[in-house]
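In this note's numbering, the protein residues as written are 118 to 317.
Each residue gets a CB set at the ideal place from its N, CA and C atoms; glycine is no exception.
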Ligand SMILES: [Zn+2]
């Protein structure tokens, strides 16, 4: 056997964060209780994307539900009301505007959140195929900070990644929630991309 033939490269993955061991992020993961149920409806074309922030979001919020499908049945709890769809369009209510009046804090009004994950075209597709999404009030941001995940645009081409978008909503919904561990995790991931290039 020729020594020139090299065995296939086997990349070992961390059992906890599922990332290749060379880029394991476990040291930066500080899981928190999710203040409200969140469903991420992820388009299948997004699921295998190395730059998706959803795997990081899952590490930070273990209770997060991620559905990878083009078509998906609504969460059972949807019938209880108070669910919102994070989707910036002209009918959306800015989260910064919720809670301005005495009886309508974001904590009281937002009981569940659906987040669409994919490119602008794919999130529109998800919205079209899953007609139950149209029954939900839409939530957006008016004063969101600039995203730090500059290597990739977020849902619908927004400047905030999915992870940052969810962190921003949760900051408004619960005073117990801290966005900092999520931002730290993302910053580490960005640093890895800058160090290792476009590999995972
Ligand atoms: Zn790990």
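In this structure, residue 168 keeps its C-beta atom at 9 Å or more from the C-beta atom of residue 206.
In this structure, residue 151 has its CB at a distance of at least 8 Å from all heavy atoms of ligand 1. Residue 158: member of the beta strand (DSSP E) spanning 155 to 159, first to last residue. Contact check between the segment 257 to 265 and the segment 180 to 191: fewer than three CB pairs, one atom from each, fall below 8 Å, which does not count as touching.
The alpha-carbon of residue 292 is positioned some 22 Å away from that of residue 145. If you look at residue 276, you'll find it isn't in any alpha helix (DSSP H); DSSP assigns it neither H nor E.
Pairing residue 163 with residue 156, the inter-Cα distance amounts to about 15 Å.
Measuring C-alpha to C-alpha distances from residue 199 to each of 225, 294 and 134 identifies 225 as the nearest. Per DSSP, residue 184 is one residue of the beta strand (DSSP E) stretching across 182 to 185. Secondary structure at residue 214: helix, using DSSP grouped into helix, strand and coil. Checking the 8 Å criterion, the Cβ of residue 302 is out of range of every heavy atom belonging to ligand 1.
DSSP, read as helix, strand or coil, puts residue 162 in helix. Annotation for residue 249: no alpha helix (DSSP H) segment contains it, and DSSP assigns it neither H nor E.
The nearest non-hydrogen atom of ligand 1 is less than 8 Å from the C-beta of residue 133. Residue 203 is positioned such that its CB atom lies closer than 9 Å to that of residue 282.
Excluding residues up to 5 positions away in sequence, 227, 228, 229, 230 and 290 lie with their Cβ nearer than 7 Å to the Cβ of residue 153 in the same chain.
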